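Down below is the structure, laid out as structure tokens.
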Amino acid sequence: MKKLHYTTLLLILSISTSANCDIESYYSKLPTHLSGYEFKSKLSSLLAKTHKGLSYSALLKAYKKTDKDTTYDVDNSVMDMYSERPGGKDPYRYIHSQRVCGSYKNEGDCYNREHLFPQGLFDKKRPMKTDIFHVYPTDGKVNGMRGSYPFGEAKEVRWSSKNGSKLGYSNNPEYKGLVFEPIDEFKGDIARAMLYFAVRYESQIPRFGYTPMTDGSYEQTYSTWFLKTLLKWHKEDPVSEHERKRNDAACGFQRNRNPFIDHPEWALAIWEVH
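Spelled out as structure tokens, the structure:
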């Protein structure tokens, strides 16, 4: 009887978990008649309410499911946006749980956890520090070169990674500082992760202080130049199969979702910039 009861309990938990991560069920109570920043706040409440925080070490374990390469090289290696060469041979590859960074000197030495919204801006506090929807496995050297620079489109390139990601001065007339530009294949992925962060942490971001990326408000959240870049990338690089798989798998660990992967149209329903 005890064994039967335990099995039944596991089955119930499994069904419950699947239901919570089902796209239609997850958003079923959202007031979809709203739009703009009012809708953004309701969506923020949903993401916060359902979010189950992870430990920092748990991210590496989760990556074995969320970030295994089943769409590009299909070899179950670590799917790293900073080293992947779509349609070509990767310059190096990582096996999950092997060569996790301590120290590094060169590309290909080790991989670590890259905070797309730099963790120094929120003093490495949780749950931001361990939020899997903006913390990705990437090569340590490239992560270090990106540092805390905002994403953007670069000119006068100062450094390039082996897959073509680059660090250089922004070509945007509204911001002339250094920016990090990923390859085209992953610009939409990064944009949707950053838009997720703006919604999930809309009430906290104004307290992070000034950054070139943020405007100090909880409504628009990001600086106009940066938001325009993200929305441009979001439109030009549609949701990929890898993103959908990652979103589903990540929900199994963290219990919330990235709504801009599930509903790309919501980004433009929330933000209008000219």
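Read left to right, the sequence shown gives residues -21 to -1, 1 to 253 (mature numbering (1 follows the signal peptide of the UniProt record, and there is no 0)).
C-beta: ideal position from N, C-alpha, C; glycine also.
Small disclaimer: the values here were computed from a predicted structure and weren't measured.
In chain order, H75 and S76 place their CB closer than 8 Å to the CB of K43, counting only its own chain and leaving out the 5 sequence neighbours on each side. When DSSP reads this structure, Y61 sits in no beta bridge, so it has no partner. As computed with DSSP, G147 is found in a beta bridge with V136 and V158.
For the pair Y175 and N237, the CB atoms are nearer than the 8 Å cut-off.
Per the C-alpha coordinates, the member of L22, S202 and D227 positioned closest to D194 is S202. Collapsing the DSSP output to three states places P116 in a strand.
DSSP places N237 in no beta strand (DSSP E); its state is neither H nor E. In the displayed model, H94 falls within a strand according to three-state DSSP.
L95 is a Cβ neighbour of A172, given a cutoff of 8 Å. When beta bridges are read from the DSSP output, F130 appears opposite F159.
The DSSP-derived three-state label of K47 is strand. Taking all protein chains shown into account, D118 has 16 or more neighbouring C-beta atoms within 10 Å of its C-beta and is therefore buried. Nearest neighbour of I184 by Cα position, chosen from S82, G81 and L100, turns out to be L100. Here the alpha carbons of C89 and K120 stand approximately 8 Å from one another.
Per DSSP, reduced to three states, the secondary structure at T203 is helical. Non-local C-beta neighbours of K104 in its own chain, meaning closer than 8 Å and more than five positions away in sequence, are absent. Within a 10 Å sphere around the beta-carbon of S196 sit fewer than 16 other beta-carbons, which makes this residue exposed. The beta carbon of L13 sits closer than 7 Å to those of K21, all from its chain and outside the five residues before and after it, given in chain order.
Within the same chain, Cβ atoms closer than 8 Å to the Cβ of R78 are found at D88, C89 and Y90, the five residues on either side in sequence being excluded. For the options S219, F165 and F159, the alpha carbon positioned closest to that of P191 is the one of F159. In the DSSP assignment, F18 falls within the unbroken alpha helix (DSSP H) covering G15 to T29.
Residue state for T11 is assigned as coil, using DSSP reduced to three classes.
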